[in-house]
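A short write-up of the structure that comes next.
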Amino acid sequence: MDIQSTIDLIDYCERENKTIAEAMIDQEQVRSGRSREQIFEMMKERFLKMQSAVQDGLNDASEAPSGISGGDAVKMKKYIEAGDMLSGSIISDAMACSMATSETNARMGVIVATPTAGAAGILPGVLFSLQKNTDLEDDDLVMGLFTASMLGYIIANRSFISGAAGGCQAEVGSATAMAAGTIVELKGGSPRQAVHSTAIAMKSLLGLVCDPVAGLVEVPCIKRNVIGTSIAFSAADMGLAGIESRIPCDEVIDTMYDIGKDMPRALKETALGGLAITPTGQKVKERLFSKSSLVDQLRGGNEHADDRNGKSTASTETAETGGR
Amino acid sequence: MGYNSCFDIIGPIMVGPSSSHTAGAVWIGRVVYELLGKEPEEVEIQLFDSFAETYQGHGTDKALLGGLLGYDTEDERIKHAYALAEEANLSYDFTFADSCEEFDHPNVAIVHAKADGRSIVVGGASVGGGLSKIFRVNSEKTDFSISTTDDLKKLRESFSEAVGR
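Sequence lines, in order, name chains C and E.
Counting in this note's numbering, the first sequence runs from 1 upward without gaps.
Counting in this note's numbering, the second sequence runs from 325 upward without gaps.
Written as structure tokens, this is what we have:
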């Protein structure tokens, strides 16, 4: 059993009368030789780690080592507690949980990549918000992670999921698309509806570049995760309303691949373009790395790429400074 | 490309901030540790393209050293890998280049390592979501995906002869 497209997936689910999550477990059993129970427990372990990352982030107002992120999840939590949010509780709570996870990630805390660390905020955002605002139990949400992983598995094998390979559309785009389909299934929608929501969410993020300031997974990554949760809920609501993506999901995924291949290197996680090279972005990079002679050399090299092939040695001191 | 399991997508459990630049880099370093059976005494690590541009922000350097010291992706000691490498008498040298001619991917590291008079070379690309592909061991071309400790075991079995263990 090897599901390589959303068409395969819908066929399997409709023929076997199974959910997307069940299809994922079936495939994992065949391929790994593990029992359903083992597979479920492994996923539950990941779910619990995700829960701790959210809790840590919601209670920690400290800055990341870089000084360019941190404290916003706590602000969001307070804002929600005041009770006058425009987006309503389901989206606001998702925003807070998503921010909490991504801030924990920036602090080099323990998180679960879903499917990457740069996009690790989106799924926990929607899952823990659904749990808070509906009657879903832990084990339902663990099943949601199987739904998400099947959708992500198809995307990852047909296209890409990392910003370095395909831009932010591959990273936040994939995670948001996975989350949209997951919400639909957790709300009782059909596999077909879930796949349409996946396509709708991904379409809305096609072309998004990966341009992290100073190469850190913080600016603009954290807030893109947060916004990804709202897109996931909107796409899920459309799917549940019976609205279909006019472009089939597999074609949307393949388009993401084509766009990513065409995207210039400067906009694929090299921090050489986009927001990374705004005056403010440059200043941040300079402030963070100015103590390092190594990076001075690298920065000079960005303008004269040919000079950079020479050998440079990182001393303990320079490299340690760079990480803070 | 090469994702085989739901846990390649939901996972790894890892220290932040980047699955491709942190967790995937841990795996590449860890492969060297597994093939040598211990921490190396001396390494030269070549970083290419996106790895070379953004390694500091992502802790790619610390992640590689953590892997070389035998850590898992979720080991919080990775943050302090430089100090711990010093303690383990691991001497390291990083070099940088724009692109790798040997393997076409933005996140490539090639590690030359020595321990107990043995030398090995491992080339790996971190392809996303914490999955790494080993494309070279010594002079031998290979195509080995690493995303779990089970994969490391398989790798040790496949390469025990190549690395003289």
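Using N, Cα and C, we set each Cβ at its ideal position, and we do this for glycine too.
Remember, it's a predicted structure, so these values are computed and weren't measured experimentally.
Among the residues facing chain E, C:F146 is included, as its CB has a counterpart in that chain under 8 Å away. Only residues of its own chain outside the window of five on either side were considered, and among them T346 have a CB closer than 6 Å to the CB of E:G383, listed in chain order. Contact annotation, C:G173 with C:T198: C-beta distance approximately 11 Å; criterion of less than 8 Å not satisfied. In the structure shown, C:Q4 adopts coil according to DSSP, grouped into three states. With the rule of 3 Cβ pairs closer than 8 Å, the segment 71-89 of chain C does not count as touching the segment 201-208 of chain C. Taking 8 Å as the threshold, the shortest C-beta distance from E:A387 to chain C does not fall below it. By the criterion of a C-beta distance shorter than 6 Å, C:M50 is surrounded in its chain by V112, P124, once the five residues flanking it on both sides are discounted. When E:K403, E:V487, E:F375 are compared, the shortest CA-CA separation from E:A349 is found for E:F375. Taking a C-beta distance under 8 Å as the contact criterion, E:E377 and C:L272 qualify as a contact pair. For C:T6, the number of other beta carbons within 10 angstroms of its own is at least 16, and it is reported as buried. Non-local C-beta neighbours of E:V432 in its own chain, meaning closer than 6 Å and more than five positions away in sequence, comprise F372, C424, A449, ordered along the chain. The alpha-carbon of C:L145 is positioned some 20 Å away from that of C:M1.
At a cut-off of 8 Å between beta carbons, C:T114 contacts chain E. Assignment of C:V213 by DSSP, reduced to helix, strand and coil, places it in the helix class. Within the same chain, Cβ atoms closer than 6 Å to the Cβ of C:S62 are found at G70, the five residues on either side in sequence being excluded. Assignment of beta strand (DSSP E) within the segment 205-253 of chain C, counting only whole runs of 3 or more residues, yields no such run.
By the C-beta density criterion, C:T270 is buried, having at least 16 other C-beta atoms within 10 angstroms. For E:I334, the closest Cβ of chain C is nearer than 8 Å. By the Cβ criterion, the segment 217-231 of chain C is in contact with the segment 125-143 of chain C, since at least three pairs of Cβ atoms, one from each stretch, lie closer than 8 Å. Distance from the CA of C:I3 to the CA of C:A175, rounded to the nearest whole angstrom, comes to 19 Å. C:L130 sits in a helix when the DSSP states are folded into three classes. Non-local C-beta neighbours of E:D475 in its own chain, meaning closer than 7 Å and more than five positions away in sequence, comprise S469, ordered along the chain. Assignment of C:L141 by DSSP, reduced to helix, strand and coil, places it in the helix class. The beta-carbon of E:E377 is placed less than 8 Å from the nearest beta-carbon of chain C. For C:Y79, the three-state secondary structure derived from DSSP is helix. Nearest neighbour of C:A23 by Cα position, chosen from C:P191, C:K285, C:E286, turns out to be C:P191. Between C:A100 and C:V54 a beta carbon distance of about 5 Å is seen, short of the 8 Å cut, so the two are scored as contacting. Listed along the chain, the chain C residues whose CB falls inside 9 Å of the CB of E:E485 amount to none; the nearest CB is some 26 Å away.
Bounds of any beta strand (DSSP E) do not take in E:F331; it lies within the alpha helix (DSSP H) bounded by 330-333.
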